[in-house]
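Enquirer: One structure, pasted below without further comment.
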Amino acid sequence: MLMAMKTKLLLTCFALACFLAAPAQNFKKFRVGIGVGYARPSGSGSQGGGLVYLEPSCRLGDAYSLGLRMEWAMVASGLSGSAIDMETFDLSSQASYTLNMQYYLGINNFRPFLGVGLGLYNLSAIKTDVIVLDGIDPTGQGQPQTHAESVSLSDAQSKFGFYPRFGFDVGHFTLSIDYNFIPNARTTVSGSDASFRNSYLGVRLGANFGGGRK
């Protein structure tokens, strides 16, 4: 319920800003971007996966645009902790709903841009099997003693995050790179603190509909 209310608030802010924005001089006001990409999470044992996104946006003049990014990524989040030696992960999903602002450098067909975004990240339940270090072999052989343990976050979580981004438009196509800073999800392994690292790097290639020159 709370996640739905926060998402509706983002949608309302986006719609209101677009309604009040003055039209750009050289470009059409509205466009919708759609595309795919690669997501690479941070942390030991993490594995990259794919992502898809939908991003409507409106021009706030020729140099600025306000976007609403809706993105779904499948990744294996890394786990950090002092007692952890090895991990194997199941893929989990991350759905994000964020507002972003982009600043365009120039008005040519090739348009580099810089931007920043912030919003909500809905994280699914996570499960992993880890090898935990128990200490040094008491026989004096120097081999570490370990045991296997399953670690999971059984409930989905919603967290607030942000990202810087850069990229460029070429005609009706976009290449963008951003790094999503998302707070870690804390857990315990054999009584010691550990955390799933949720931040990830995203690389996207997409097509845009609308928003071209007038």
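All letters in the sequence shown, in the order written, are residues -24 to -1, 1 to 190 by mature numbering (1 follows the signal peptide of the UniProt record, and there is no 0). From the three backbone atoms N, C-alpha and C, an ideal C-beta is built for every residue, glycine too. Here the structure is a predicted model, which means the values were calculated and not measured.
Cutting at 8 Å between CB atoms, please list the residues of its own chain near G149, excluding the five before and the five after it.
Expert: In the sequence under discussion, the amino acid at residue 149 is Phe, which differs from the Gly named in the question. Counting only Cβ-Cβ distances below 8 Å, and skipping sequence neighbours, we find L181, G182, A183, N184.
Enquirer: Between the alpha carbons of G93 and D154, how many angstroms are there, rounded?
Expert: 9 Å
Enquirer: Between the C-alpha atoms of C(-12) and S134, what's the straight-line distance to the nearest angstrom?
Expert: Using only the alpha carbons, I get a separation of about 19 Å.
Enquirer: Identify whether A(-4) lies in helix, strand or coil by the three-state DSSP scheme.
Expert: coil
Enquirer: Using the rule of at least 16 other Cβ atoms within 10 Å of the residue's Cβ for burial, across every protein chain shown, is Q70 buried or exposed?
Expert: buried
Enquirer: Can you give me the Cβ contacts of R16 inside the same chain, cut-off strictly under 7 Å, excluding the 5 residues immediately before and after it?
Expert: The residues are G24, Y176, L177.
Enquirer: Candidates V28, P140, T74: which alpha carbon is nearest I10's?
Expert: V28
Enquirer: To which residues does DSSP link L27 through a beta bridge?
Expert: G13, A49
Enquirer: Who pairs with L(-16) in a beta bridge, going by DSSP?
Expert: Partner(s): none; L(-16) has no beta bridge.
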